[in-house]
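Numbering (my numbering), first residue to last: 274 to 851.
All C-beta atoms, glycine included, are put in the ideal place defined by N, C-alpha and C.
Note sheet for the following structure.
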């Protein structure tokens, strides 16, 4: 047994609370190194000595090529837990606790791993609707200016000495007039890129955080949009850009004019005087862009200001949450305050951080509920788009991604194939419709909240920014793709196992290019099959699926344990009693 591969970290994604009396405990071991792992746990303040322990067998839940992962879910009446593991490789049994490995059963509770107390506030309070979400992501300038219509014209508006621009002429009124389109598609949440007053077309250089950009409309129209969406069962998330502001933001204008005498001099992260408004600037800015000076989010007055912004739009327009730009470059205490203030006015407001890498430190329950899952996008690009990794490697990477956080957090991750910042996934697939559809199918069946970028259902291509932010092609819609999206979204929303079920790999076949996994929640289990070869394939399933499958789409029961999949086809089967 290679002990160097064994790992457990208390109070992490290896040990977390689901409720006041429920813990999930995970263990990592080297691949093919152990036959069995068992968990022994008890009340860490038990009056008996040695402590009374309960023994449970751990389930092998995943492997990533190097390691295997085991998990046990424990429920008991006490809230202070101590525990250790036994590992058996068929020849030897080793015990693993806080002080390392031993051939003897530990009896001193101080040698056990500890979960000191299951505190209510340490249980992530993720809004329940987050995992039920199917998001439609809209770049406002590019979507619509009327019902199934986009004027596609440049705008340049000057008001009170400020300049506002747009490229394609999209408006909030245009979105309002197409809410029926969104409802028909089946989505239940809309995320808008920035809509606040800003000079650029992308609106990530905010001038006024309390006003809607005049190119898009008015704040009254934003409130109307929110109301219209809510009437149709669709929530609304806005984009908050608090890492930096625009060059026309009053605070930055004041600092440039008054320098040391400005009341805003502490609002900016690094602002030497005199200010050199050149390229590159002599002050800290987002990505060295002079038009986007970096805000000092560690300053109390800045945190107070943006907490008020977060609260204002919830109270004024009844929005349902925030997607938070460049979240990983902002002070952690800023985010804690923002969360506290926002949750005071809307308990189930959803906070999604834009973080491209491992975001564990932001997902401890005190900052964000979710982050944008760029790992998901990258894996789909490698597998469905570029086709440069095998089914086996894809499975390993998917499992590693899902094990990165406590599972309730993984269920709320914002999964997507493309966004306003990256090439269109249809182009990543070399405009191969079948590969694109396979990726959409996986998007809708994988754990996490799926997000569809506007126009993906119309097969918008594009590898450059002006291409992947192209106008919505209302006059060139693709009915077959719209119907495919509708079917997949309906499937996602109608099967509880797809929104909140666990994930277990079942079939990983490189030769036939077949991938199968189950999603299981208390009331339902489904089998998801996806085959990526160019030929029909007969798939022989494990014995436990014999006579237990019902094709979700056709409503037909499968006899035996063999199913046939067409080329590049994905199917979902609901498990029923034999």
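Can you grab the Cα-Cα spacing for the pair residue i / residue j, in whole Å?
i           : j           : result
residue 499 : residue 321 : 58 Å
residue 664 : residue 850 : 30 Å
residue 457 : residue 543 : 48 Å
residue 397 : residue 511 : 22 Å
residue 803 : residue 576 : 47 Å
residue 338 : residue 673 : 10 Å
residue 245 : residue 746 : No statement about residue 245 is possible, as the shown extent of the chain runs from 274 to 851 and does not include it.
residue 709 : residue 730 : 10 Å
residue 546 : residue 572 : 19 Å
residue 383 : residue 371 : 8 Å
residue 563 : residue 438 : 18 Å
residue 374 : residue 634 : 29 Å
residue 278 : residue 324 : 28 Å
residue 304 : residue 333 : 11 Å
residue 463 : residue 366 : 53 Å
residue 738 : residue 491 : 27 Å
residue 897 : residue 584 : The structure shown does not extend to residue 897, since the chain is modelled only from 274 through 851, so no value can be given for it.
In or out: residue i buried (at least 16 other Cβ within 10 Å) or exposed?
i           : result
residue 643 : buried
residue 683 : buried
residue 483 : exposed
residue 695 : buried
residue 631 : exposed
residue 646 : buried
residue 871 : This structure does not reach residue 871, given that the chain is present from 274 up to 851, and the question cannot be answered.
residue 444 : buried
residue 240 : With the chain running from 274 to 851 in the structure shown, residue 240 is simply not present.
residue 552 : exposed
residue 404 : buried
residue 442 : buried
residue 772 : buried
residue 840 : exposed
Following the continuous alpha helix (DSSP H) through residue i, name the residue where it begins and the one where it ends.
i           : result
residue 616 : 605-618
residue 392 : Element bounds for residue 392: n/a, residue is neither H nor E.
residue 338 : That residue, residue 338, is in no alpha helix (DSSP H); it is neither H nor E in DSSP.
residue 672 : 664-675
residue 651 : 647-653
residue 453 : 452-458
residue 529 : 523-531
residue 549 : Note, residue 549: premise wrong, no alpha helix (DSSP H); not H, not E.
By DSSP, does residue i sit in helix, in strand, or in coil?
i           : result
residue 566 : strand
residue 686 : coil
residue 480 : strand
residue 442 : coil
residue 544 : coil
residue 581 : helix
residue 681 : helix
residue 595 : strand
residue 907 : Residue 907 is absent from the model: the chain starts at 274 and stops at 851.
residue 295 : strand
residue 517 : strand
residue 625 : strand
residue 495 : helix
residue 448 : helix
residue 510 : strand
residue 308 : coil
residue 412 : coil
residue 839 : coil
residue 373 : strand
residue 758 : helix
residue 490 : coil
The ligand NAP and residue i: does the residue's C-beta get closer than 6 Å to at least one heavy atom of that ligand?
i           : result
residue 773 : For the ligand NAP, the structure offers nothing, since it holds no ligand at all.
Can you tell me where the beta strand (DSSP E) with residue i in it begins and where it stops?
i           : result
residue 428 : 428-432
residue 842 : 842-848
residue 465 : 462-465
residue 355 : 354-361
Inset, instruction - Please list the segments of the alpha helix (DSSP H) lying wholly inside the region 764-837, counting only runs of 4 or more residues, in order along the chain. - result: 769-773
Legend entry - beta strand (DSSP E) runs contained entirely in the region 698-738, provided each spans 3 or more residues: 722-726
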